[in-house]
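Numbering (the working numbering), first residue to last: 1218 to 1397. Built from N, CA and C at the ideal position, the CB exists for glycine as well.
Spelled out as structure tokens, the structure:
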């Protein structure tokens, strides 16, 4: 009678051994799967960090470029440009133009609004007394900062009494600005 009991005990021990070894295999496989996923996650994170490090230098270069562009913009565009309405900027520029070219007759047309720009068409007529002075005045018009003077036409004419005069047609332009 002991034999069936021994057999039951042997089967129970064998079952426990199989169950225990199955549990160990399950834990080992779970560990391998978790380790593989963790390794993949870490390698992805490492790639992201390397890309971020490379992008850091690119972004620093872009920031330096933007700073130099902004410094250049300060030279071109006066800082108070956003404080004045565009029409006032054009009229102030026209006053500066008149004070810089006192002998000239300056005619203006109504302001024009096109897209992001506001322009004031201008015709400048003056006698040509000295060619160097004419070149300097034209250079002055082209070198104006902001608002800019866009020259569309320059013409020279001679009257019957041999007097020469010049006519410069163009417009003073500025940005329209955003309404608040």
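Relative to the Cα of residue 1315, the nearest Cα in the group 1389, 1283 and 1369 belongs to 1389. Per DSSP, the beta-bridge partners of residue 1331 are 1334.
Taken atom to atom, the span from the alpha-carbon of residue 1270 to that of residue 1238 is near 47 Å.
Between the alpha carbons of residue 1265 and residue 1243 lies a gap of roughly 33 Å.
Scanning its chain for C-beta atoms nearer than 8 Å, with the 5 sequence neighbours on each side dropped, one finds no residue around residue 1377.
Within the DSSP secondary-structure output, residue 1373 pairs in a beta bridge with 1383. Boundaries of the alpha helix (DSSP H) harbouring residue 1352: 1348-1359, taken from the DSSP string. The beta-bridge partner set that DSSP reports for residue 1342 consists of 1322 and 1384. Contact holds between the stretch 1336-1347 and the stretch 1308-1327, because three or more Cβ pairs, one in each stretch, are under 8 Å apart.
Cβ-Cβ separation between residue 1310 and residue 1364: approximately 5 Å, consistent with a contact (criterion under 8 Å). With contacts defined as CB atoms closer than 7 Å, residue 1345 and residue 1381 qualify as a contacting pair. In the structure shown, the three-state DSSP call for residue 1241 is helix. Residue 1319 counts as exposed, since fewer than 16 other beta carbons sit within 10 angstroms of its beta carbon. The residue among 1348, 1387 and 1393 with its C-alpha nearest the C-alpha of residue 1332 is 1393. One alpha carbon belongs to residue 1227, the other to residue 1233, and they sit about 10 Å apart.
For the pair residue 1225 and residue 1231, the Cα-to-Cα distance works out to about 10 Å.
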